[in-house]
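Presented below is the structure to which this report refers.
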Amino acid sequence: GESVGLHLPTLSVQEGDNSIINCAYSNSASDYFIWYKQESGKGPQFIIDIRSNMDKRQGQRVTVLLNKTVKHLSLQIAATQPGDSAVYFCAENIKGTYKYIFGTGTRLKVLA
Amino acid sequence: EAGVAQSPRYKIIEKRQSVAFWCNPISGHATLYWYQQILGQGPKLLIQFQNNGVVDDSQLPKDRFSAERLKGVDSTLKIQPAKLEDSAVYLCASSLGQVKETQYFGPGTRLLVL
Chain D
1 GESVGLHLPT LSVQEGDNSI INCAYSNSAS DYFIWYKQES GKGPQFIIDI RSNMDKRQGQ
61 RVTVLLNKTV KHLSLQIAAT QPGDSAVYFC AENIKGTYKY IFGTGTRLKV LA
Chain W
1 EAGVAQSPRY KIIEKRQSVA FWCNPISGHA TLYWYQQILG QGPKLLIQFQ NNGVVDDSQL
61 PKDRFSAERL KGVDSTLKIQ PAKLEDSAVY LCASSLGQVK ETQYFGPGTR LLVL
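Going down the list, the protein sequences come from chains D and W.
The numbering of the first sequence is our numbering, which starts it at 1 and goes up by one.
The numbering of the second sequence is our numbering, which starts it at 1 and goes up by one.
Given below as structure tokens:
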């Protein structure tokens with residue numbers, strides 16, 4: 001993905017609303033995708049994953065959607081809470097390798 | 001289950017000095033990754049080990065960076081000599097070692113080069 005330096009895309013949502021964070025991935029050979037949450041001063045934390053043979057996967061309050069036609073991934077967070085405030089990264093795994101490529105990240109700000 | 005451990009958490013050095021980071025992966029994890037994360041960017045893979053062998057070091061600046069995982073468990077990443085642009089968070093991650101296995105990250109080492 002392209003670097004945005006210090007200017008991460010930011011999504012601001014009201015507490016209780018749903019959040020949708022988008023990610024465009026780069027490699028059509030990627031067949032496994034992960035969403036990570038990174039809080040300040042911490043390493044990325046696994047949220048949810050999806051394999052390329054699926055279009056949708058649901059977890060607790062989170063849903064990941066995969067559109068392979070346009071190489072697009074989204075993370076939906078239901079009833080967003082203040083603790084969801086963080087930077088969210090998508091990562092793609094290139095088929096047949098252990099290599100992961102991370103996107104640039106989106107900062108989610110939850111407004112009280 | 002203990003997570004990925006890294007030390008030190010913070011390091012400040014002057015340019016041209018050397019620095020080393022240590023990582024202890026989750027027990028039983030065969031694959032270990034070192035990433036560099038510059039402020040405001042996603043992690044960038046530097047090197048990947050499978051047990052004690054290197055799988056991918058294509059993005060490691062080998063003129064100044066080196067890494068080893070001698071016994072297939074702990075790993076060290078060294079920078080010698082450091083440059084200003086090496087200021088970043090260095091993240092270690094591990095996974096069981098199969099393709100499509102989730103990576104688990106440590107807290108990272110924040111390096112500032114002055």
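Quick reminder that beta carbons are idealized off the backbone N, C-alpha and C, glycines included.
query: Can you tell me whether D:Asp84 is helix, strand or coil according to DSSP?; result: helix
query: Please work out which residues of its chain come closer than 7 Å, Cβ to Cβ, to D:Ile77, disregarding the five sequence neighbours upstream and downstream, and give them in chain order.; result: Asn18, Ser19, Arg61, Val62, Asp84
query: Which of the three DSSP states, helix, strand or coil, is assigned to W:Glu68?; result: strand
query: Whether or not the region 12–22 of chain W and the region 21–31 of chain D are in contact is what I'm after, with contact meaning three or more pairs of Cβ atoms, one per stretch, closer than 8 Å; do they touch?; result: no
query: For the region 35–52 of chain W, enumerate the residues whose C-beta is nearer than 9 Å to any C-beta of chain D, in chain order.; result: Tyr35, Gln37, Ile38, Leu39, Gly40, Gln41, Gly42, Pro43, Lys44, Leu45, Gln48, Gln50
query: Going straight from the alpha carbon of W:Phe65 to that of W:Lys78, what length do you get?; result: 6 Å
query: Residues of the region 7–34 of chain D in Cβ contact with chain W at a cutoff of 9 Å, in chain order, please.; result: His7, Leu8, Asp31, Tyr32, Ile34
query: Taking the straight line between their C-alpha atoms, what separation do you get for W:Phe49 and W:Ala30?; result: 8 Å
query: Please list, in chain order, the chain W residues whose beta carbon lies closer than 8 Å to that of D:Arg51.; result: Lys100
query: Sort W:Gly42, W:Val89, W:Gly28 by Cα distance to W:Lys11 and report the nearest one.; result: W:Val89
query: Counting Cβ pairs, one atom from each stretch, are 3 or more of them under 8 Å apart for the region 67–76 of chain W and the region 95–109 of chain W?; result: no
query: Start and end of the beta strand (DSSP E) containing D:Lys56?; result: 56–58
query: Pick helix, strand or coil for W:Asp86, following the three-state DSSP scheme.; result: helix
query: Quick one: which residues of the region 98–109 of chain D get their C-beta closer than 7 Å to a C-beta of chain W? List them in chain order.; result: Tyr98, Lys99, Tyr100, Phe102, Gly103, Thr104, Gly105
query: Along chain D, in chain order, which residues have C-beta atoms closer than 9 Å to that of W:Asp56?; result: Thr97, Tyr98, Lys99
query: At the 8 Å Cβ level, is D:Pro82 part of the contact set with chain W, yes or no?; result: no
query: What are the residues in the region 37–50 of chain D lying within 9 Å of chain W by C-beta distance?; result: Gln38, Gly41, Lys42, Gly43, Pro44, Gln45, Phe46, Asp49
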